[in-house]
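Protein chains: 4
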Amino acid sequence: MLNFASDYTEGCHPELLRRLCESNMEQLGGYGTDHYTASAAEKIRQEVGRPEAAVYFLSGGTQTNQVVIDSMTESYEGVISAATGHIAVHEAGAIEYSGHKVLTLPGREGKLSAAEVRRFIDAFYADGNYEHMVFPGMVYISQPTEYGTLYSRQELTALSEVCREKHVPLFLDGARLGYALESRETDVALRDIAALCDVFYIGGTKVGALSGEAVVFPKGNMPRHFLTLVKQHGALLAKGRLHGVQFDALFTDGLYFRIARNAIERAEELKAVLRELGFRFYLDSPTNQQFVIFPNEKLGRLGEQVLYGYMEAYDAEHTVIRFCTSWATTEEQIAALRRVLESL
Amino acid sequence: MLNFASDYTEGCHPELLRRLCESNMEQLGGYGTDHYTASAAEKIRQEVGRPEAAVYFLSGGTQTNQVVIDSMTESYEGVISAATGHIAVHEAGAIEYSGHKVLTLPGREGKLSAAEVRRFIDAFYADGNYEHMVFPGMVYISQPTEYGTLYSRQELTALSEVCREKHVPLFLDGARLGYALESRETDVALRDIAALCDVFYIGGTKVGALSGEAVVFPKGNMPRHFLTLVKQHGALLAKGRLHGVQFDALFTDGLYFRIARNAIERAEELKAVLRELGFRFYLDSPTNQQFVIFPNEKLGRLGEQVLYGYMEAYDAEHTVIRFCTSWATTEEQIAALRRVLESL
Amino acid sequence: MLNFASDYTEGCHPELLRRLCESNMEQLGGYGTDHYTASAAEKIRQEVGRPEAAVYFLSGGTQTNQVVIDSMTESYEGVISAATGHIAVHEAGAIEYSGHKVLTLPGREGKLSAAEVRRFIDAFYADGNYEHMVFPGMVYISQPTEYGTLYSRQELTALSEVCREKHVPLFLDGARLGYALESRETDVALRDIAALCDVFYIGGTKVGALSGEAVVFPKGNMPRHFLTLVKQHGALLAKGRLHGVQFDALFTDGLYFRIARNAIERAEELKAVLRELGFRFYLDSPTNQQFVIFPNEKLGRLGEQVLYGYMEAYDAEHTVIRFCTSWATTEEQIAALRRVLESL
Amino acid sequence: MLNFASDYTEGCHPELLRRLCESNMEQLGGYGTDHYTASAAEKIRQEVGRPEAAVYFLSGGTQTNQVVIDSMTESYEGVISAATGHIAVHEAGAIEYSGHKVLTLPGREGKLSAAEVRRFIDAFYADGNYEHMVFPGMVYISQPTEYGTLYSRQELTALSEVCREKHVPLFLDGARLGYALESRETDVALRDIAALCDVFYIGGTKVGALSGEAVVFPKGNMPRHFLTLVKQHGALLAKGRLHGVQFDALFTDGLYFRIARNAIERAEELKAVLRELGFRFYLDSPTNQQFVIFPNEKLGRLGEQVLYGYMEAYDAEHTVIRFCTSWATTEEQIAALRRVLESL
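Below, the structure is given as C-alpha cells:
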C-alpha cells in the first residue's frame with residue numbers, strides 16, 4: 011500500500027534518531043534546562059538572525075497555538091484567522107477552551123489579505139458597540155496555509171504593517187514551515203518571518219521530528235513566566251531533551267532545510283505526473299500538499315492501492331483529495347503512484 | 011429629546027415598582043427561596059402549560075446565554091447560531107469565555123432554517139475528521155431575532171424536529187419574547203415554544219422589568235445542581251426576591267402580554283408613519299424594533315431631536331438605523347417623532 | 011417569627027425605593043451611561059477622597075470577586091486568602107471557574123496577618139520549584155471578615171506594606187463594609203481603605219440595597235477595557251440605572267453610614283442581651299454578625315420562634331449559630347428576641 | 011558529577027530506543043490509530059486483567075491530571091487531594107486553569123485516609139450551604155505518593171469503598187507507578203489498582219520512557235469523545251506512535267517491572283548506606299525516592315560532587331533533601347555516592 015495520506019506517517023528523520031540514541035544515557039536537567047535545548051535555541055536564534063530571540067519547544071501544533079494565543083492575548087481579545095485556518099476548524103475548540111474567540115474572515119485560498127484585516131479592525135473600532143464585542147487581539151496566519159499556499163514577502167510585509175499600525179501581534183503557524191521555505195516559488199526566508207512576525211513557530215512534527223514545535227519570539231518578547239504558563243496548559247515535558255536533541259539536530263548542517271527540500275522535489279515530480287495524466291488541481295499549491303479534484307468513479311480503485319487524504323466533496327462526480335510528500339518520500343514511491351494513477 | 015434608542019430606557023413598569031414597594035419590608039429567605047419566586051415560577055409553569063417545567067431567574071441576557079449554554083453542553087460541544095446571533099456578535103465573547111465555540115451559519119434575516127442546521131450537522135458527521143472539530147451541541151435561536159423578525163410555528167417545528175432527530179437541544183433566546191408573542195403576524199404561542207424548545211427564556215429586562223430573565227426548562231430538564239452552576243458563574247442574587255416579585259407581577263393578569271402589546275401597537279403606528287413618509291425599511295420587522303435605511307443627509311438633524319440606534323452603513327448615502335418602542339412608548343411620542351421626521 | 015438569619019432579609023432601604031420610584035420614567039442610556047451612575051460614582055470618589063478613583067457597579071459579591079480577581083491577575087497567578095475567606099469556601103468555585111487558584115493561609119478569626127502573607131510569599135520565591143507553582147498574584151481580605159471581625163488600621167497598613175513591597179495588589183471585599191465603618195471598635199475609615207488597598211468594593215446588597223456592589227479602583231487603576239471584561243463575565247446590566255440610582259441614594263446625606271449604624275446599635279443591644287443571659291460568644295465580633303455557642307438542648311425551641319444562621323457544630327452539646335442585624339432591625343425585635351431567649 | 015536529582019535524568023531505556031529505531035520507517039496512521047498503540051493498549055489490558063479497559067496515551071503527568079480530572083468531573087465539582095498532592099502544589103494551577111478547585115485535606119506522609127475522605131464528604135452534605143460550595147467530585151491519590159510512600163491494599167480498598175459509596179470516582183496518579191509495584195513492602199498489584207480505582211495512569215516518563223503516560227479506564231468508562239477532549243486540551247500527538255511503540259516495549263516481557271525493580275534495588279542499597287552512615291530519614295520511603303534530613307554544614311561539599319533534590323528547610327541546621335534512583339542507576343553509582351557521603 012502506498013501512503014501519501016500525510017507528512018507524518020514515518021517516525022523521525024534517521025539523523026534525529028541517531029542523535030537521540032547517542033545522547034540517551036547522558037544525565038541531564040529536566041524541563042528544558044539541558045544543554046541540547048540551549049544549543050537548539052541558539053542555532054535557531056542564529057538561523058533567524060535574531061540574537062535577542064527567545065525560543066521555546068512545545069509538543070504539537072494545536073498545543074502550540076493554544077499556548078501562544080492564550081498567553082499573548084488579553085481575556086477580552088480574540089484572534090483573527092482565515093475561515094479555513096487550523097485553529098478555526100481542526101483543533102476541537104482548543105482556542106475557545108482557553109477563553110478566546112476565533113474571529114474568522116473569509117480569506118482566499120487559505121490566506122488573509124492585509125486589506126481585509128485592516129477593514130475588519132477599522133470596522134470594529136468604528137462600531138459604536140465595540141465594547142460589547144470581542145476585540146481583535148492577534149492575527150493568525152499559517153505558512154504554508156492549510157491549502158499548501160504561500161504568502162509572498164510583499165503580502166507578509168503588508169500584513170505585518172497593518173498589525174503594527176493596529177498594535178495587534180502577528181502570529182505565524184509554521185507547522186509545515188520547512189516546506190514553505192524550500193518551495194521553489196517563495197521569496198520569504200526565515201529571517202523575513204522573524205522580522206515581520208511577533209511570534210511564530212518552526213514545525214517539527216510534520217517536518218521530520220517525532221514531535222516538537224519551536225516557538226520563536228523574535229524580539230525576546232516572550233510573555234512573562236512563559237514556562238509557568240506552559241506548565242499550566244499541561245504542555246511542559248519533564249524530558250525537555252526530547253525536543254532539544256531533535257531541534258539541535260534539525261538545525262545542524264541545514265538538515266531542516268534538506269528534509270523539506272526532498273518533500274518539495276517529490277511534490278514537484280508528483281505535480282508533473284498529475285498534470286501529465288490530466289488530473290485537475292483544486293488550487294495551485296507550491297508546497298508538499300497537493301489537492302486534486304478526483305473523479306469519484308476512480309476513487310474506489312485508488313483507495314485499494316494508495317492512502318490519501320479526503321478533503322471534501324467537490325461536485326456530484328468529484329472529490330477533493332490530498333496527496334502529501336515528506337522528507338521520507340522517495341522517487342520510487344512517486345513512480346509507483348504514477349503507475350497506480352495510470353492504471354485507474 | 012425623543013428617545014427611541016432602545017426598549018430599556020425607562021426603569022420598570024409601574025406595576026412592578028408598586029409590587030416591589032408593597033413587599034419591601036417583608037422578611038424573606040435568600041437566593042430564590044422566597045414565596046414570590048415560587049409564585050412567579052408557578053405562574054410561568056401554568057402559562058407555558060407545563061406543570062413539570064423548572065423555572066429559574068437570572069439577571070440579564072448575556073449572563074443567561076452563558077449559563078444556559080455552558081451548563082447544557084459538554085466541553086467538546088459548541089453552539090450553532092446565526093452569524094447575526096447576539097451570542098455571536100454582541101456578548102464580548104461570553105460564550106467562548108466559558109469554553110464553547112459559537113458555530114455560525116449564515117441564516118437569513120437573523121433566522122436559521124431547519125435545512126441549514128440539518129446540512130451543517132450532517133456535513134459534520136460525514137467529515138472523516140470530525141473528532142478533531144467542535145461538535146454541534148446545541149442550537150441557539152432568538153425570537154424575535156436581533157433584526158426583529160420571527161420564526162413561524164412551521165419554521166420552529168422544523169427546527170425542533172431536526173434538533174430532536176440529531177439529539178441536540180434547541181435553545182430559544184427570548185430577551186424580547188413578549189414582542190414576538192404579541193406581534194400581529196405571529197402564529198407562535200408561549201405553549202408552542204415550551205413544546206418545541208428544550209430550554210428558553212422569557213426576557214424581563216427589555217419587556218418592562220428592572221432586570222431579570224426567566225429561564226424555563228419545559229420538561230423539568232434543568233441541569234443537575236443548576237443553582238450551584240449559577241453561583242459559580244457569579245449569577246446568583248442574594249435577594250432573589252428582586253426577580254421573584256417582578257416576574258410574579260409580570261405574570262399576574264397578563265401584564266407581560268399587555269406590556270408587549272403596547273410596544274407592538276406603537277410599532278405598528280411607527281411603521282405606518284415611516285411608510286407614509288416614504289422611508290425604506292431594511293427588512294420587514296413585525297415586532298418592536300424597526301430598521302430603516304435612512305438618508306445620511308438627514309441623519310444630523312434627526313440626531314438633534316431623536317435618540318435612535320445606529321446599526322451599520324448601508325451605502326455611501328444611507329445608514330441603517332433602529333427605532334425601538336416599548337411598554338412605555340406613548341401615542342404622543344409617535345406623533346412627535348412623526349413631526350420630526352416630516353420636518354427633516 | 012423573628013428573623014435574624016441574615017442582613018438581606020428585607021428588600022431595600024425605603025429611601026432607595028423612593029428614589030427608584032421617582033426616577034423610574036426617566037429615559038436613560040443603558041449599561042451605566044446614565045447620570046445617576048455618574049453621580050453615584052462621583053459621590054463615592056468624594057467619600058473616599060480620591061478624585062482619580064474609578065468606580066464601577068456590579069450585582070453581587072461572588073460576581074464582583076470573580077470579575078475583580080480575574081481581571082487583575084495574570085493567568086499564572088492565584089489569590090491569597092484566609093482559609094475562611096468567602097472566595098475560598100462559599101462561592102461555588104467561581105474563582106477557579108475563572109482559572110485562578112485560591113491560595114489559602116490559616117489566618118486567625120477570619121483575618122490574614124501581614125506576617126503570614128510575607129512568610130508565604132518569601133517561601134514561594136525561595137522555593138527552587140516556584141516556576142512550577144501558582145504565583146501569589148493578589149491578596150484578598152474582607153472587612154468585616156466572614157466572622158464579623160475587623161482589621162485595625164495598623165493591621166491593614168502592615169498588609170498594604172507587604173503587598174506593595176511584593177508588588178501584589180491588595181483587594182478588600184467590602185460586602186458588609188458599612189458595618190465595619192460604623193463599628194464602635196474600628197479605627198479604619200473609608201479613606202484609609204482607599205489609601206491602603208489597590209481595589210475594594212462597597213457592598214450594597216447586604217447594606218440596604220436590592221442588589222449592587224460598588225467596585226472602587228482608588229488610583230484609577232481599572233483594568234483596560236473593564237466594561238468589556240464585565241460583559242464577558244455576564245455581569246453587565248442593560249439597566250445600569252438600577253445600581254446607579256441606589257448608590258446615588260446611599261451616598262447622599264450619609265445614608266449608607268446611617269443604615270450601617272442602626273445595625274451596629276442593634277447588634278450592641280443584642281450583645282448586651284446575650285451577655286446578660288449568660289450565652290457564650292464564639293468570638294468577639296464588633297460588627298453586625300454575632301456568633302454564639304448555643305446549647306443544643308435549647309436549639310429546637312429557639313428555632314420555633316426565631317430564624318437564625320447555622321454555622322457549625324461546636325461540640326457534642328453545642329452549636330455555633332449566627333444572629334444578624336441590619337438597617338431594618340428594630341429595638342422591638344431585639345426586645346422580642348430577648349424574651350424568646352429568656353424563655354428557653 | 012553524580013546525579014541523583016531525579017528519575018528522569020536519562021533519555022529512555024535502551025530497549026525502547028531500539029524499538030523506536032526498528033519501527034521508525036514504517037508508515038503508520040496518526041493520532042493513535044497505529045498498530046503499536048493498539049498492541050500497547052492490549053498488553054496493558056491483559057496486564058491489568060481487564061479486557062473491557064480503555065487505554066489512552068498522553069505525554070506527561072500534569073497534562074494527564076488536567077485532562078482526566080477535567081473530563082471526569084462536572085463543572086460544579088472539585089477534586090479531593092492530600093495537601094501535598096502534585097496537583098495541589100506543583101502543577102502551576104493546571105487543574106484550576108481547567109475550572110476545577112483542588113479540595114485539599116491534610117493527609118499523612120502524602121496519603122489520604124478513607125476516614126478523612128468520608129468525614130469531608132459527610133461534612134459537605136451536612137452543611138446547609140453546600141449548594142454554595144464546590145462539590146467533591148473525585149478523589150485523587152498518588153501511588154507512590156510525592157513522598158515515596160505507599161497505600162497498602164487495605165488502605166486502597168477502604169478508599170475505594172468510600173468513593174463507591176459516595177459515588178465519587180477514585181483517580182490514582184501513577185506517574186511513578188512501577189516503583190510502587192516493585193517495592194518490597196507493597197501488597198498492591200496492578201490488578202488491585204484496576205479493580206479498586208475508576209481511572210489511573212501508568213507513568214512512563216519517570217519509569218524509563220522518553221515521554222508518555224498510559225491512562226487506564228478499567229471498566230471501559232472513558233468519557234464520551236475522549237479523543238476530542240484530549241485534542242481540545244492540546245494533548246493529542248499527531249505521531250501517537252511515539253507513545254505506542256514505547257509502551258508496547260514497556261509491556262513486552264515485563265520490561266516495565268524490570269526497569270522499576272532496578273530502581274528499587276538501588277534504592278534499598280542506598281538506604282542501607284544512609285542508615286549505616288548514620289543519616290536520618292525524613293520518613294520511611296519504600297520506593298525510589300529517599301528523603302534525608304541532611305546537616306547543612308555538609309550540604310556544600312555534597313553539592314560539589316552530587317546533584318540531589320532540594321525539598322525544604324527542616325530546622326536551622328538541617329535540610330530535607332531527596333535522592334532518586336531509576337532504571338539507569340548502577341551499583342557503581344551507589345558505591346560512588348557512598349564514598350562521597352563518607353568523605354563529608
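Residue numbers (my numbering), protein chains in the order written: chain A, 11 to 354; chain B, 11 to 354; chain C, 11 to 354; chain D, 11 to 354.
Backbone N, C-alpha and C define an ideal beta-carbon position, used for all residues, glycine too.
In angstroms with no decimal places, state the Cα-to-Cα distance between residue i and residue j.
i, j, result
"Ala248(A)", "Thr238(A)", "13 Å"
"Tyr318(A)", "Pro179(D)", "42 Å"
"Gly70(B)", "Glu36(C)", "21 Å"
"Asn306(B)", "Tyr292(B)", "15 Å"
"Arg311(C)", "Gln300(C)", "19 Å"
"Leu284(A)", "Thr329(A)", "15 Å"
"Gln76(B)", "Ala245(C)", "11 Å"
Could you pull out every residue in the same chain whose Cβ sits closer than 7 Å to the Cβ of residue i, ignoring the five residues on either side in sequence?
i, result
"Ala64(D)", "Phe227, Gly230, Met232"
"Glu195(B)", "Leu160, Pro296"
"Arg55(A)", "Pro61, Ala63, Val65"
Only counting the same chain, and skipping five residues up and downstream in sequence, which positions put a Cβ closer than 6 Å to that of residue i?
i, result
"Val350(A)", "Gln315, Val316"
"Phe289(C)", "Val302"
"Asp132(D)", "none"
"Gly324(A)", "The residue you asked about is not Gly; residue 324(A) is Tyr in the sequence shown. Answer for Tyr324(A): Ile303, Val330, listed in chain order."
"Leu347(D)", "Leu12"
"Arg163(D)", "Asp197, Val198, Asp202"
By Cβ distance below 8 Å, which residues in the same chain neighbour residue i in space, the five residues on each side in sequence not counted?
i, result
"Arg29(C)", "Val255, Gln256, Asp258, Ala259"
"Ile79(C)", "Val89, Ile97, Ile105, Ser108, His110, Met148, Tyr150, Phe181"
Just curious, the alpha helix (DSSP H) that residue i is in, first and last residue?
i, result
"Thr47(D)", "45-58"
"Val144(A)", "Val144(A) -> no alpha helix (DSSP H), and no H or E assigned at all."
"Cys31(D)", "24-33"
"Ser81(A)", "71-82"
"Val99(C)", "96-99"
"Glu278(C)", "265-286"
"Arg332(D)", "No alpha helix (DSSP H) contains Arg332(D), which is instead part of the beta strand (DSSP E) from 328-334."
Whole-angstrom Cβ separation of residue i and residue j, contact assumed at under 8 Å?
i, j, result
"Ser221(C)", "Gly213(C)", "So it is not a contact: roughly 11 Å between Cβ atoms."
"Thr339(B)", "Ala270(B)", "Actually they are not in contact, since the Cβ atoms of Thr339(B) and Ala270(B) sit about 12 Å apart, beyond 8 Å."
"Phe2(A)", "Met143(A)", "It is not possible to answer for residue 2(A), since the shown part of chain A is limited to 11 through 354."
"Tyr266(D)", "Gly188(D)", "6 Å"
Residue i lies in the beta strand (DSSP E); which residues open and close that run?
i, result
"Tyr66(B)", "64-68"
"Ser221(B)", "Ser221(B) -> no beta strand (DSSP E), and no H or E assigned at all."
"Gly213(C)", "209-213"
Kindly say whether residue i, judged by its beta-carbon, lies nearer than 8 Å to any beta-carbon of chain F.
i, result
"Ser33(A)", "This model lacks chain F altogether; the protein chains it does include are A, B, C and D."
Residues of the segment 294-313 of chain B whose Cβ lies closer than 9 Å to any Cβ of chain C, in chain order: Those residues of the segment 294-313 of chain B that come within reach of chain C (Cβ to Cβ, closer than 9 Å) do not exist; the list is empty.
Taking a Cβ distance cut-off of 9 Å, strictly less, list which residues of the segment 247-269 of chain A are near chain D, in chain order. Leu247, Ala248, Lys249, Arg251, Leu252, Val255
In the segment 220-241 of chain B, which residues sit with their C-beta less than 8 Å from some C-beta in chain A, listed in chain order? none
Residues within the segment 131-151 of chain A neighbouring chain B, beta-carbon criterion of under 7 Å: Gly138, Asn139, His142, Met143, Val144
Could you please tell me which residues of the segment 76-88 of chain D, in chain order, have their CB closer than 8 Å to any CB of chain B? Asp80, Ser81, Glu84, Ser85, Tyr86
Interface positions of the segment 104-130 of chain C facing chain D (Cβ-Cβ less than 7 Å), listed along the chain: Glu106, Tyr107, Gly109, His110, Lys111
Residues of the segment 38-71 of chain C with Cβ closer than 8 Å to any Cβ of chain B, in chain order: Leu38, Gly39, Gly40, Ser69, Gly70, Gly71
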